[in-house]
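A quick write-up on the structure given underneath.
Protein chains in written order, with this note's numbering: chain A, 882 to 993; chain B, 129 to 242.
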């Protein structure tokens, strides 16, 4: 069966510090991968998606970036965090674009 | 901008009652999906309904889709305390330019009181 992992679960970082969130998927090959951000009490905003290694599409201009160094690994990064980067970050995967997505447990980021 | 918008934003019911929430969208879709999110957790996929389908069932869940009204509804029958969660609809655009990405609504928060 397929599983998706995210870490860390919770992160408190000072403004201006770097960020690296990791997502890995097990039990499937060549998944479509997604990073979302969710503000408190709100819906999900798609940040990045990837259809293959090294292929990243950005949905929202911001100080975040994403990379996919391996088939089942998706990393969300920032060189300098802003207060507005606080939120709940969710990674997801799908077999086909536009079909069912399977979500990880999320990382809660608080930037102080 | 968000494609799907849920209504109501919040819903409080007694255990055993039915819960109905609605989702409206603006442009044509390929499919519409419903997800559940327990507090502080990831989303769990519930049902996917395609644009040529009108109704789907899964256990105590019933989803309808009316493409002429650009709306969908999710019905939870005989609700349980464990159904307490936020429910989101997500649409996939019907045009190739949409990139087959899911666009989420703001969600309906459901509280089932024991």
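Ideal placement from N, C-alpha and C gives every residue a C-beta, glycine not left out.
query = Beta carbon of residue 170 of chain B, beta carbon of residue 927 of chain A: below 8 Å?
reply = For this step, residue 170 of chain B is matched to residue 42 along the second chain. For this step, residue 927 of chain A is matched to residue 46 along the first chain. For residue 170 of chain B and residue 927 of chain A, no; Cβs fall outside 8 Å.
key: Interface flag, residue 180 of chain B vs chain A, CB-CB below 8 Å   = Numbered from its first residue, the second chain carries residue 180 of chain B at position 52. Chain A contact via Cβ: absent.
request  = Give, in chain order, every residue of the segment 927-943 of chain A whose Cβ lies closer than 9 Å to some Cβ of chain B.
outcome  = 927, 930, 938, 940
inquiry  = Within 8 Å of any Cβ in chain A, is that where the Cβ of residue 154 of chain B sits?
reply    = In the second chain, counting from the first residue as 1, residue 154 of chain B sits at position 26. So, not an interface residue.
ask   = Expressed to the nearest angstrom, what Euclidean distance is found between the alpha-carbon atoms of residue 953 of chain A and residue 919 of chain A?
value = For this step, residue 953 of chain A is matched to residue 72 along the first chain. For this step, residue 919 of chain A is matched to residue 38 along the first chain. In a straight line, the C-alpha of residue 953 of chain A is about 22 Å away from that of residue 919 of chain A.
request  = Please name the residue in B/135, B/166, B/134 whose C-alpha comes closest to that of residue 987 of chain A.
outcome  = Counting from 1 along the first chain, the entry for residue 987 of chain A is found at position 106. Nearest of B/135, B/166, B/134 to residue 987 of chain A, Cα basis: B/166.
ask   = By how many angstroms is the C-alpha of residue 957 of chain A removed from the C-alpha of residue 949 of chain A?
value = Numbered from its first residue, the first chain carries residue 949 of chain A at position 68. Numbered from its first residue, the first chain carries residue 957 of chain A at position 76. Roughly 9 Å between the two C-alpha positions.
key: Spatial distance of residue 192 of chain B from residue 150 of chain B (CA atoms)   = Sequence index remark: in the second chain, residue 192 of chain B carries index 64 (1-based). Sequence index remark: in the second chain, residue 150 of chain B carries index 22 (1-based). If I take the Cα positions, the gap works out to 9 Å.
Beta carbon proximity, residue 225 of chain B to chain A, threshold 8 Å = As a first step, residue 225 of chain B must be located in the second chain, where it is residue number 97. Confidence at residue 225 of chain B is low in this model, with a pLDDT of 44, below 50, so its placement is unreliable and the value that follows should be read with caution. Not an interface residue.
request  = Give a yes or no on whether the C-beta atoms belonging to residue 133 of chain B and residue 221 of chain B are separated by under 8 Å.
outcome  = Residue numbering aside, residue 133 of chain B sits at position 5 when the second chain is read from its first letter. Residue numbering aside, residue 221 of chain B sits at position 93 when the second chain is read from its first letter. Contact: no.
Those residues which DSSP pairs with residue 896 of chain A across a bridge = On the first chain, position 15 is the one that residue 896 of chain A refers to. Beta-bridge pairing links residue 896 of chain A to no other residue.
key: Which of helix, strand or coil DSSP assigns to residue 964 of chain A   = Position 83 of the first chain holds residue 964 of chain A. Of the three classes helix, strand and coil, the one that applies to residue 964 of chain A here is helix, per DSSP.
ask   = Hey, residue 964 of chain A and residue 941 of chain A: beta-carbon distance below 8 Å or not?
value = Here residue 964 of chain A corresponds to residue number 83 of the first chain, with the count starting at 1. Here residue 941 of chain A corresponds to residue number 60 of the first chain, with the count starting at 1. Contact flag unset, no.
message = So with CB distances below 9 Å, who are the chain A contacts of residue 220 of chain B?
response = Your numbering for residue 220 of chain B matches position 92 in the second chain. Result: 978, 979, 980.
task = Tell me whether residue 135 of chain B sits in a helix, a strand or coil according to DSSP, three-state version.
result = As a first step, residue 135 of chain B must be located in the second chain, where it is residue number 7. Residue state, collapsed to three classes: strand.
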